[in-house]
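Quick mapping for you: the protein sequence lines, in order, are chains A and B.
Letter 56 of the first sequence, counting from 1, is numbered 56 in this note's numbering, and no numbers are missing.
Letter 60 of the second sequence, counting from 1, is numbered 233 in this note's numbering, and no numbers are missing.
C-beta: ideal position from N, C-alpha, C; glycine also.
If you're wondering where the values come from, they're calculated on a predicted model, not measured in any experiment.
Everything below concerns the one structure shown next.
There are 2 protein chains.
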Amino acid sequence: MATPPALNWSVDNCTIERAMGILGEKWSLVVLREVFSGIRRFDDMRVRTHIPRQVLTNRLNNLVEHGILRREPYREPGSRVRHEYRLTDKGFDLYPVMIALSEWGNRYLADPEGPPIEYAHRDCGAELHLAVTCADGHLIEKRREIQPRPGPGTRPRRPPEGTTRPETANGSA
Amino acid sequence: MATPPALNWSVDNCTIERAMGILGEKWSLVVLREVFSGIRRFDDMRVRTHIPRQVLTNRLNNLVEHGILRREPYREPGSRVRHEYRLTDKGFDLYPVMIALSEWGNRYLADPEGPPIEYAHRDCGAELHLAVTCADGHLIEKRREIQPRPGPGTRPRRPPEGTTRPETANGSA
DNA sequence: CTTGATGAGTCTGTCAACGAGACTTAGCCT
DNA sequence: AGGCTAAGTCTCGTTGACAGACTCATCAAG
């Protein structure tokens, strides 16, 4: 084997990495799962998830800071004003991420009786799944059809003087 | 507002949570991005990602242990036998997760010039994206059509004696 | 056969993040 | 006035991340 071409590009500005910087902290996605499921209050999340208080405050604040959740004041009759956490548009756009994770998790990690949460089409009740398509409208069914490649923000990586291995032609796994 | 119905179900066996237990550790998905991009060797990953050695060994081992990567011995002419890391089927099935993250990241987190990596349809070159569909074949375009609900593995949550709030009807965010 | 290069680690010590449990605070209710 | 409750802070011990030096096996050069 020889040098994969990817080695010549830098990935400092990788958006997957940035996304994981926000969502990859422990519990972040669990918090989002809760909000997607209609759980919006601090203590309700605590009760279901057992996330340590401190971590939960921290995650909620981070998610608010990144514009994924917003704090909404509400007042329950006979209580003082409180806040609940709701998804912003940016947060809702994480639906595919949630569905992708749950599809994979359901296939490989579920208990024999199945997963405790599923995502369904409200109108017809059928379960959801993700389809990979391309901008030209083709449906992608086999992974051989998928090709990672340098995008518009690609920058060269300066190799540290004399790191040379013979080139190869094909960069996918 | 009143008790969201989700509060009555347990989420101990949630598959999203389990998936994040594997993929949510710092760097896990970056390692996978590398492998998807054709980077398969320890030091090549180090060079691009600057992941600390110890963490990288640890992540690679975890991913192998969970059957997402496999170690493949190879021998470069004039070197001793080494190992490279390749995706298993289970690993390849994470493609939707990668694409979902990168779509979201590209929309909200990219530099002005764009992302450094994109996923394309090999046959036509067009960029990929994910479509949410339901098992009945409907294309879901609005989040209002998505409904999280208890799945087959749902278990009741034993509420700790006298945690009662009035019920509400609708559980989505 | 010795020396050196190289890929892939291990070892050590420091610092940040996580987890458990007790304590705090603001506003409402009796 | 006293108590309750949601949502935090505080404290402290444990785990995980990181940096940098060290190890180890193997092959190639001399």
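So, under 8 Å CB-CB, Val208 (chain B) and Leu260 (chain B) are touching, yes? Tell me the CB distance rounded to an integer number of Å. 6 Å
Report the rounded CA-to-CA distance for Leu236 (chain B) versus Asp216 (chain B), giving the unit in angstroms. 17 Å
Determine the direct distance from the alpha carbon of Pro152 (chain A) to that of Thr337 (chain B), and round the result to whole angstroms. Since pLDDT at Thr337 (chain B) reaches only 41, below the 50 mark, its modelled position is unreliable, and no value is offered.
Leu60 (chain A) - containing beta strand (DSSP E), residue span: That residue, Leu60 (chain A), is in no beta strand (DSSP E); its alpha helix (DSSP H) goes 53-65.
Within 10 Å of its beta-carbon, does Thr188 (chain B) have 16 or more other beta-carbons around it, so buried, or fewer, so exposed? buried
Going by beta-carbon coordinates alone, are Ser10 (chain A) and Arg157 (chain A) separated by less than 8 Å? yes
Where does Thr230 (chain B) land, buried or exposed, given buried means 16+ other C-beta within 10 angstroms? exposed
Simplified DSSP assignment, three categories, for Ser210 (chain B): coil
Applying a beta-carbon distance threshold of less than 8 Å, which residues of chain A neighbour Leu303 (chain B)? Pro96, Ala100, Leu130, Ala131, Val132, Thr133
Would you call the CB atoms of Tyr268 (chain B) and Arg144 (chain A) closer than 8 Å? no
For Asn186 (chain B), which residues in chain A fall below 8 Å Cβ to Cβ? Ala110, Asp111, Pro115, Pro116
Would you say Thr327 (chain B) faces chain A, with C-beta separation under 8 Å as the test? yes
Beta-carbon of Ile51 (chain A) versus every beta-carbon of chain B: anything under 8 Å? no
As a quick exercise: from A:Arg46, A:Val81, A:Leu29, A:Ala100, pick the residue whose alpha carbon is nearest that of Ile68 (chain A). A:Leu29
Mind pulling the chain B residues with CB within less than 8 Å of Gln147 (chain A)? Tyr292, Ala293, His294, Arg295
From the DSSP secondary-structure annotation, give me the bridge partner or partners of Ser183 (chain B). B:Arg328
Which first and last residues belong to the beta strand (DSSP E) in which Ile146 (chain A) is found? 146-150
Going by DSSP, name the residue or residues bridged to Ile290 (chain B). A:Pro150
Is the CB-CB distance between Pro4 (chain A) and Ile212 (chain B) below 8 Å? yes
For chain A, is any of its Cβ atoms less than 8 Å away from the one on Thr337 (chain B)? No answer about Thr337 (chain B) holds up, because its pLDDT of 41 lies below 50 and its placement is not dependable.
Between which two residues does the beta strand (DSSP E) containing Leu303 (chain B) stretch? 301-307
In chain A, which residues lie with their C-beta within 8 Å of the C-beta of Pro246 (chain B)? In chain order: nothing, as chain A lies at least about 12 Å away.
Closest Cβ-Cβ distance between Arg232 (chain B) and chain A: below 8 Å? no
Ala19 (chain A) to Trp277 (chain B), Cα distance in whole Å? 8 Å
Please state whether the Cβ-Cβ distance between Leu128 (chain A) and Ile319 (chain B) is less than 8 Å. yes
Kindly indicate which residue of B:Thr222, B:Glu238, B:Arg221 has the alpha-carbon position closest to the one of Leu196 (chain B). B:Glu238
Distance between Glu314 (chain B) and Arg122 (chain A) (C-alpha atoms, nearest Å): 12 Å
Cβ neighbour criterion (16 or more within 10 Å) applied to Val81 (chain A): exposed
Distance CB(Ala135 (chain A))-CB(Ala179 (chain B)) smaller than 8 Å: no
Endpoints, the alpha helix (DSSP H) within which Pro96 (chain A) is located: 95-108
With a CB to CB cut of under 6 Å and the five nearest residues on each side skipped, what residues in its chain are close to Lys263 (chain B)? Gly240, Ile241
Under 8 Å between the Cβ atoms of Arg71 (chain A) and Tyr85 (chain A)? yes
Between His311 (chain B) and Cys124 (chain A), how many whole angstroms is the CB-CB distance? I'm expecting something under 8 Å. 6 Å
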